[in-house]
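Structure first, commentary second.
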Amino acid sequence: MKVTFRTIVCKRAQWLAKSTGKSYHICLAKSWVLYRLVRDMHRNIVQFAYEKSDGTFRRAQGTLRNVEHRVKGNGRENYRTIRYYDVEANAFRSFKIENFITVY
């Protein structure tokens, strides 16, 4: 089965609804914002914020443009996290989708 962007959005929304207990339509709206974040990171550097696992907030500048040569391995797509290349730290980072806050 071919994985389309709608599949990714719906799987993320289902996971958000399951993990946070919020209604599906709220999670679907957040999932669309996450989709647009990843789409924009493929085009430019994007500023966004999320909550780290230790409870602190992180304001990040991330991209996915021209970083294919830096990727190691060939892991499967994970719908529970968003990975990005941090331009300030020059390294890959990731965050859980339920910890996402906003795009600037």
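Numbering that gives the first Met the number 0 puts the first residue of the sequence shown at 0, with every later residue one more than the last. All C-beta atoms, glycine included, are put in the ideal place defined by N, C-alpha and C. No experiment lies behind these values; they were computed from the predicted model shown.
Asked                                                                                               : Found
Three-state class that DSSP yields for Asp39 in the structure shown                                 : helix
DSSP beta-bridge partners of Arg82                                                                  : Ser93
Residue from Glu76, Asp53 and Lys71 with nearest C-alpha to Val8                                    : Glu76
Counted within 10 angstroms of its Cβ, other Cβ atoms place Val45 as buried (16 or more) or exposed : buried
Straight-line Cα distance separating Val32 from Tyr49                                               : 13 angstroms
Limits of the unbroken alpha helix (DSSP H) element including Thr6                                  : Phe4 to Thr19
Helix, strand or coil at Val32 according to DSSP, with G and I counted as helix                     : helix
8 angstroms Cβ cutoff, Arg82 in contact with chain C                                                : Of the chains in the structure shown, none is chain C; there is only one protein chain.
Beta carbon of Tyr84 nearer than 8 angstroms to that of Val66                                       : yes
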